[in-house]
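Single-structure report; data block below.
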Amino acid sequence: GAVVSQHPSRVICKSGTSVKIECRSLDFQATTMFWYRQFPKQSLMLMATSNEGSKATYEQGVEKDKFLINHASLTLSTLTVTSAHPEDSSFYICSALGQGALVTQYFGPGTRLTVL
Amino acid sequence: AQKVTQAQTEISVVEKEDVTLDCVYETRDTTYYLFWYKQPPSGELVFLIRRNSFDEQNEISGRYSWNFQKSTSSFNFTITASQVVDSAVYFCALGWGDQGAQKLVFGQGTRLTINP
Chain A
781 GAVVSQHPSR VICKSGTSVK IECRSLDFQA TTMFWYRQFP KQSLMLMATS NEGSKATYEQ
841 GVEKDKFLIN HASLTLSTLT VTSAHPEDSS FYICSALGQG ALVTQYFGPG TRLTVL
Chain B
572 AQKVTQAQTE ISVVEKEDVT LDCVYETRDT TYYLFWYKQP PSGELVFLIR RNSFDEQNEI
632 SGRYSWNFQK STSSFNFTIT ASQVVDSAVY FCALGWGDQG AQKLVFGQGT RLTINP
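Note that the protein sequences, when read in sequence, are chains A and B. Positions in the first sequence are counted from 1; adding 780 to them yields our numbering. Positions in the second sequence are counted from 1; adding 571 to them yields our numbering.
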């Protein structure tokens, strides 16, 4: 149980285009999902908290207009990187917060974004 | 402020050796959770353990064991009889919030290499 998927696993795009990343909780409902960013050989940095049916909460320094988050259902959150630039190239990881006995963040496999 | 320190950046041992990964945390909260995650080369974070601040019992799961000591604010992780498949980056994390994992702060990670 507690499986989280992400799609796509890898994406290469041209500078100026937008990229959408999907995060799904496959076998549990998650009212809260999180989006992290990880640079090579570094730790995970929280970008935003996504709550189903409400606006996302962004961490300080994260541009909400650049990183659009939509939590449309209890099993799906999406992150759209708008007008991507090479400096946005990174490993993006989502997590879903389990409930009750599963009160733990379960992480997706990550999406490696490369912006040319 | 919440903080997690993993002082060991990299550890390299020979297979079958025991190895301990250190984790020291800082928080003023009385209720919090501690986590260990494993990140293999594929990138996905694998949940290993969750401990709440009121439960100082040590835990053993197969070759893995965890030592939680509030007196020293430490939550160390030991792998006995290490195997090559244990090679990965290991992250310690501190969680807090309504459900104990609403917010997570990660340590910098320890890259563990098990040599055959």
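From the three backbone atoms N, C-alpha and C, an ideal C-beta is built for every residue, glycine too.
Selection from the options that minimises the alpha carbon distance to residue i
i: B:Y635; options: B:S653, B:P687 and B:N623; result: B:S653
i: B:E630; options: B:G614, B:T649 and B:S644; result: B:T649
i: A:V783; options: A:Q809, A:K821 and A:L896; result: A:Q809
i: B:T598; options: B:I620, B:N686, B:R682 and B:G668; result: B:G668
i: B:C594; options: B:F625, B:W607 and B:S583; result: B:W607
i: A:D868; options: A:L856, A:H851 and A:F847; result: A:F847
i: A:L854; options: A:T837, A:K844, A:G833 and A:L826; result: A:G833
i: B:K574; options: B:S658, B:S645 and B:L683; result: B:S645
i: A:L896; options: A:S870, A:F819 and A:K844; result: A:S870
i: B:S632; options: B:K641, B:F625, B:R621 and B:Q640; result: B:R621
i: B:N623; options: B:G666, B:L683 and B:A572; result: B:G666
Endpoints, beta strand (DSSP E) assigned at residue i
i: B:S521; result: Lying outside 572 to 687, the shown extent of chain B, residue 521 of chain B is not represented and no answer is given.
i: A:C793; result: R790 to C793
i: A:E867; result: No beta strand (DSSP E) holds A:E867; DSSP gives it neither H nor E.
i: A:T812; result: T812 to Q818
i: B:K674; result: K674 to F677
i: B:T576; result: K574 to T576
i: A:G853; result: According to the sequence displayed, residue 853 of chain A carries Ser and not Gly. Segment F847 to S853, the beta strand (DSSP E) holding A:S853.
i: B:N638; result: Y635 to Q640
i: B:L616; result: It is not in any beta strand (DSSP E) - B:L616 carries neither H nor E in the DSSP assignment.
i: B:N686; result: T681 to N686
i: B:C594; result: It is not in any beta strand (DSSP E) - B:C594 carries neither H nor E in the DSSP assignment.
i: B:S658; result: Per DSSP, B:S658 belongs to no beta strand (DSSP E) and is neither H nor E.
i: B:V584; result: E581 to V585
i: B:E630; result: E630 to S632
i: A:Q885; result: Q885 to F887
Alpha-carbon to alpha-carbon, residue j and residue i
i: B:V660; j: B:E581; result: 9 Å
i: B:T576; j: A:S830; result: 27 Å
i: B:E588; j: A:C793; result: 44 Å
i: B:F662; j: B:L675; result: 11 Å
i: A:K835; j: B:T643; result: 39 Å
i: B:N638; j: B:L605; result: 11 Å
i: B:Y603; j: A:Q786; result: 28 Å
i: A:G841; j: A:L824; result: 15 Å
i: A:H865; j: B:V656; result: 36 Å
i: A:C803; j: B:T601; result: 32 Å
i: B:P612; j: A:E839; result: 27 Å
i: B:G678; j: A:L806; result: 28 Å
i: B:Q673; j: A:T894; result: 29 Å
i: A:S789; j: A:R892; result: 6 Å
i: B:I685; j: B:V590; result: 10 Å
i: A:A828; j: B:E586; result: 39 Å
i: A:Q822; j: A:N850; result: 26 Å
i: B:G680; j: A:V791; result: 26 Å
i: B:T651; j: B:V584; result: 12 Å
Residues bridged to residue i [DSSP beta-bridge criterion]
i: A:E832; result: The partner list for A:E832 (beta bridge, DSSP) is empty, contrary to what the question assumes.
i: B:R621; result: B:F606
i: A:R892; result: A:R790 and A:F871
i: A:M825; result: A:R817
i: A:L804; result: Looking at the sequence provided, one finds Arg at residue 804 of chain A rather than Leu. Answer is A:S785 and A:L856.
i: A:T837; result: A:T829
Would you call the region 802-816 of chain A and the region 868-886 of chain A in contact, with 3 or more CB pairs under 8 Å? These segments touch.
Say whether the region 882-896 of chain A touches the region 602-620 of chain B, bearing in mind that this needs 3 or more beta-carbon pairs closer than 8 Å, one atom from each stretch. yes
Would you call the region 798-811 of chain A in contact with the region 855-869 of chain A, where contact means no fewer than 3 C-beta pairs closer than 8 Å? Yes, the region 798-811 of chain A is in contact with the region 855-869 of chain A.
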